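Those protein sequences? They're chains A and B, same order as listed.
Under our numbering, the first residue of the first sequence carries the number 16, and numbering increases by one thereafter.
Under our numbering, the first residue of the second sequence carries the number 16, and numbering increases by one thereafter.
First comes the structure, then the notes that go with it.
2 protein chains.
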Amino acid sequence: LRERGAEDRRALTELLDSSYVCHLGVVVDGAPRVMPTAFGVDYDGPDRGGTLYLHGSVAARSLVAAGGVDVCVTVTQLDGLVLARSAFHHSMNYRSAVIHGRARRVDDEQERETALNAIVDHIVPGRSAELRSNTKRELAATLVLALPLYDASVKSRSGPPQDDDQDVLAGRVWAGVVPVKTEVGPAITAGDVGDGVGVPWTVENVLTR
Amino acid sequence: LRERGAEDRRALTELLDSSYVCHLGVVVDGAPRVMPTAFGVDYDGPDRGGTLYLHGSVAARSLVAAGGVDVCVTVTQLDGLVLARSAFHHSMNYRSAVIHGRARRVDDEQERETALNAIVDHIVPGRSAELRSNTKRELAATLVLALPLYDASVKSRSGPPQDDDQDVLAGRVWAGVVPVKTEVGPAITAGDVGDGVGVPWTVENVLTR
Chain A
16 LRERGAEDRR ALTELLDSSY VCHLGVVVDG APRVMPTAFG VDYDGPDRGG TLYLHGSVAA
76 RSLVAAGGVD VCVTVTQLDG LVLARSAFHH SMNYRSAVIH GRARRVDDEQ ERETALNAIV
136 DHIVPGRSAE LRSNTKRELA ATLVLALPLY DASVKSRSGP PQDDDQDVLA GRVWAGVVPV
196 KTEVGPAITA GDVGDGVGVP WTVENVLTR
Chain B
16 LRERGAEDRR ALTELLDSSY VCHLGVVVDG APRVMPTAFG VDYDGPDRGG TLYLHGSVAA
76 RSLVAAGGVD VCVTVTQLDG LVLARSAFHH SMNYRSAVIH GRARRVDDEQ ERETALNAIV
136 DHIVPGRSAE LRSNTKRELA ATLVLALPLY DASVKSRSGP PQDDDQDVLA GRVWAGVVPV
196 KTEVGPAITA GDVGDGVGVP WTVENVLTR
């Protein structure tokens, strides 16, 4: 069991580290809302099992509603289309993590800085060190939420379709997998960047990883 | 306004048609659950604005819970990482559709067939015609839900980072966009497919689109 736990944990961190977007679910007026959003992770964060950080505008209703209540954050990577010989056995190869917990609004200044750096560094590791500090005005406009990584379950499917024997024996229909991958790059430099400012190694690392 | 409506509709259909996975949000025991799942679309379906179809096992608790209640289905495509000169202006280029509505359990046999074909054909257009019919046993094990496409809102961001003037003038930090794309293929034929059975044109079309 302990080994299984470590394996799940490794699968969770690998999935989170390689994903750019999560889907945050929150209940507003009794109805579910699901919104895509960026996130950051501090595996040594103050919450049980480490901390997942979300942020957004203080004016974002769904995000404000998520503070102090039960939320669900789901991270999904599609790895392939599984084309079987029957509709029933069509499937997807994927990895997904579903994290349940109570979202905590982060008010501590130090932790807010840690969280906002984690979110930027999740997109491009090392990026936050290249940037100026957040201004008071920016901080006042930003809501930060923390979610414990403790209650996370990872699911996945991989490999070829699993067809019924009689469909395989019939031998009529092609079956297989179409892999799906996320490709990044090449970087497009903004038009207002001066000639002397090149793509930094932090960004180059994202392009080649 | 009418033009804006047609534009939104076009953006919605383009996004749905090019996405393989949606995130279904449902409230179970007062708490939100968000699960990734395949989907299909019938733009001429019986629901207001057309119909989005979901399916799964009759034993899937979250899916069963979604029948007859308010759900939220979100479809997201990440198009790029927007790397600004400040943490505050970091962003993502993306397109997302958020569809709210009451999920309807589909019991009519004809509509269930339409829905299941739509889900398979959403993965590979034309695929359902290559497959045998669903068996009674398969149909009995499958729950189908319908969601009106009427209450759908599409949001997107595109283009370069929008930095503060003073950060641009400082001229110190690189800024730009790292495009993100979904790549499919090449197809991997299952090991138990006979030598005479080649990749069908339906699958080839997916690989080259």
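Where a beta carbon is used, it is the ideal one built from N, C-alpha and C, also for glycine.
None of the values given here were measured: they were computed from a predicted structure.
For the set 61(B), 67(B) and 88(B), the Cα lying nearest the Cα of residue 38(B) is the one of 88(B). For residue 98(B), same chain residues with a beta-carbon under 8 Å away, outside a window of 5 residues either side, are 105, 176, 189, 190, 191, 192 and 193 in chain order. Of the residues assessed, residue 93(B) falls on the buried side of the cut-off, its CB having 16 or more other CB atoms within 10 angstroms. Against chain B, the CB of residue 220(A) has no partner CB under 9 Å away; the residue lies outside that interface. The shortest C-alpha to C-alpha distance from residue 111(B) to any of 51(A), 26(A), 21(A) and 72(A) is the one to 51(A). Under the Cβ distance rule, residue 35(A) counts among the residues neighbouring chain B, one pair being separated by less than 9 Å. Within chain A, not a single residue places a beta-carbon under 9 Å from that of residue 133(B); the smallest gap is close to 11 Å. Residues of chain A whose Cβ lies closer than 8 Å to the Cβ of residue 158(B) do not exist; the shortest such Cβ separation is about 13 Å. In the three-state reduction of the DSSP assignment, residue 164(B) falls in the coil class.
The Cβ atoms of residue 69(A) and residue 161(A) lie closer than 9 Å to each other.
If you check each beta-carbon in the stretch 101-112 of chain B against every beta-carbon of chain A, the ones closer than 7 Å belong to 101, 102, 103, 105, 107, 109 and 111.
Taking residue 155(B) as the centre and dropping the five residues before and after it, the same chain places the C-beta of 73 closer than 8 Å to its C-beta, in chain order. Residue 182(A) has a beta carbon lying within less than 9 Å of a beta carbon in chain B.
Its Cα nearest to that of residue 124(B), the residue 151(B) stands out among 108(B), 42(B), 145(B) and 151(B). Excluding five sequence positions before and after residue 132(A), the CB atoms of its chain that fall closer than 7 Å to its own CB belong to 143, given in chain order.
Across the structure, residue 65(B) and residue 166(B) are spaced so that their CA atoms are roughly 10 Å apart. As for any alpha helix (DSSP H) of minimum length 4 sitting wholly inside the stretch 182-207 of chain B, there is none.
Under the Cβ criterion of 9 Å, residue 142(A) is counted among the residues facing chain B.
One alpha carbon belongs to residue 109(B), the other to residue 120(B), and they sit about 31 Å apart. For residue 40(A), the chain B residues whose Cβ falls inside 7 Å of its Cβ are 40, 47, 48 and 49, in order along the chain.
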